[in-house]
Ligand code: ATP
Ligand code: MG
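Numbering (the numbering used here), first residue to last: 358 to 803.
Dropping the structure here:
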């Protein structure tokens, strides 16, 4: 993609309204545009990152056995009256009246709707376990929308809902999501730590928030340092093996990790001082078992093997892909700009033509772009008439993993420069087979 034909409105000035680095960088790199408080348009670069995050989320949900559906954003108030939450939800819910004076709402979450789908079709334990998920925009009229897409009012959520006959299998369903979440965040280059979270009136120990450490995080968190070096469960994980899943979850919950609401200073104090991590964090996911909270009032019942009808056991599991775009930037940037992990970068390569209009560099850049794309690499080709210094600054700001710099002097010798954004490592390479070398990882990351 040629930058001159794309739509990447770079801002030179640091926008005044932005308080945290991810918000500043997203605005400067032309990723998002605020339309009203907490409501954003996604511009091409931002959208490409969001889509890549969604795809990782989807792949790991599918791998764990969850099934994708798509529920609407608009819901009927009557459905929410069945669970008692229409009144209870309060001012965060955006309530709307249609032309027939019917009360509807913009969904802040989907427990009621998915329970309605379930009760319509599923009547027997034979159809269980079941986990249905979707990726859909939510609206919550947050008191203080801030930090850009980190805390929006309209935001994207992946929400999954599990249905099981009894508590033991519901725990396995919970463990599947727990392990899927570890893999999901690791694939985005994040160290997300599962921390014990408040279960509210339902009680039990089945709620975890997945937190990444960042100075700008809104939560105060406490954990054992060992969490920063734990291995991610492999792609070969068998999500049907309940015992193996439980063992993984046990390993990931063995040490202290809690947000301030669940913090126990005595337990934390038992950790050796050098291993105590007391920091700020960003919640990127939240998983929750809530038993029959919705199935009982809404009549979602299934027949067990004995023929007896019982209320189905449920859990819900959220991830915030739009918040993740900002969270990844908080975790990965430097003075010059964003440093995208390879897995979510909007393009793989920034190709910089240092002398546009020069037939030699133009032809070479055109060829490099086509060759790399033919090899499956995505390229953002800076063909604009701009000073080299400005091009370097833009490339560092946008933060694509690789930069290929084509200048007239080295090109005369058949060479181009390759830079790894994350380490700053540079190498001068012959033009031939540049794409292949990139794919193989031309420079080993430091
Ligand atoms: P928070 O405590 O940050 O308000 P929450 O507990 O209300 O989050 P959940 O209802 O568990 O969040 O939602 C699931 C996920 O959706 C969260 O882990 C987060 O990643 C994302 N999310 C929630 N609220 C927002 C928001 N206002 N803007 C962007 N993402 C959000
Ligand atoms: Mg909230």
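Even for Gly, the Cβ is constructed at its ideal location relative to N, Cα and C.
- Counting the other Cβ atoms within 10 Å of the Cβ of residue 608 gives fewer than 16, which makes it exposed.
- Residue pairing of residue 787 in beta bridges, as defined by DSSP: 772.
- Residue 574 has its CB no nearer than 7 Å to any heavy atom of the ligand ATP.
- Straight-line measurement puts the Cα of residue 790 at about 55 Å from the Cα of residue 618.
- For residue 454, the closest alpha carbon among the candidates 470, 432, 447 and 446 is that of 432.
- Look at residue 549 here: in three-state DSSP terms it is strand.
- Its chain contains 365, 386, 387, 388, 703 and 755 as the residues whose beta carbon lies nearer than 8 Å to that of residue 402, once the 5 sequence neighbours on both sides are disregarded; these appear in chain order.
- Here residue 507 has 680 and 683 as same chain residues with Cβ atoms under 6 Å from its own Cβ, once five neighbours each way along the sequence are excluded.
- When secondary structure is reduced to three states using DSSP, residue 470 falls in the helix class.
- In this structure, DSSP gives residue 668 an extended state, which the three-state scheme calls strand.
- Comparing C-alpha distances from residue 537 to each of 742, 361, 597 and 735 shows the shortest one belongs to 597.
- Using a C-beta cut-off of 8 Å, the stretch 490-509 makes no contact with the stretch 540-548, since fewer than three inter-stretch Cβ pairs fall below that distance.
- In this structure, the straight-line span from the alpha carbon of residue 724 to that of residue 796 is close to 17 Å.
- Between residue 735 and residue 699, the C-beta spacing is not below 8 Å.
- The alpha-carbon separation between residue 730 and residue 757 amounts to approximately 15 Å.
- If you check the CB distance, residue 495 and residue 477 do not come in under 8 Å.
- By the neighbour-count definition (other C-beta atoms within 10 Å, threshold 16), residue 666 is an exposed residue.
- Residue environment analysis places residue 491 among the buried positions, since at least 16 neighbouring C-beta atoms fall within 10 angstroms of its C-beta.
- For residue 616, the enclosing beta strand (DSSP E) stretches over residues 614-616.
- Fully enclosed beta strand (DSSP E) runs of no fewer than 3 residues occupy 614-616 of the stretch 583-616, in order along the chain.
- Per DSSP, residue 697 lies in no beta strand (DSSP E) segment and is marked neither H nor E.
- The DSSP-derived three-state label of residue 403 is helix.
- A Cβ-Cβ contact shorter than 8 Å links residue 421 with residue 534.
- Residue 481 counts as exposed, since fewer than 16 other beta carbons sit within 10 angstroms of its beta carbon.
- Within the chosen limit of 7 Å, the ligand ATP reaches the beta carbon of residue 466 through at least one heavy atom.
- The alpha-carbon separation between residue 712 and residue 742 amounts to approximately 8 Å.
- Close CB contacts of residue 710 within its chain, under the 6 Å cut and outside five residues either way in sequence, are with 718, 722, 740 and 763 (chain order).
- Boundaries of the beta strand (DSSP E) harbouring residue 454: 451-454, taken from the DSSP string.
- The C-beta distance from residue 512 to residue 677 rounds to 6 Å, short enough to meet the 8 Å contact threshold.
- Short of 7 Å from the beta carbon of residue 374, and not among the five residues preceding or following it, lies no beta carbon of its own chain.
- Within the stretch 372-429, complete beta strand (DSSP E) segments of at least 3 residues are found at 389-393 and 396-399, given in chain order.
- Put simply, of 382, 690, 614 and 701 the residue whose alpha carbon is nearest the alpha carbon of residue 638 is 614.
- Taking 7 Å as the cut-off, one finds at least one heavy atom of the ligand ATP near enough to the beta carbon of residue 680.
- Of the other Cβ atoms in all chains shown, fewer than 16 fall within 10 Å of the Cβ of residue 635; this residue is therefore exposed.
- If you look at residue 566, you'll find it isn't in any alpha helix (DSSP H); it sits in the beta strand (DSSP E) that goes 564-570.
- Taking one beta carbon from each stretch, the stretch 562-579 and the stretch 639-647 have 3 or more pairs nearer than 8 Å; the two touch.
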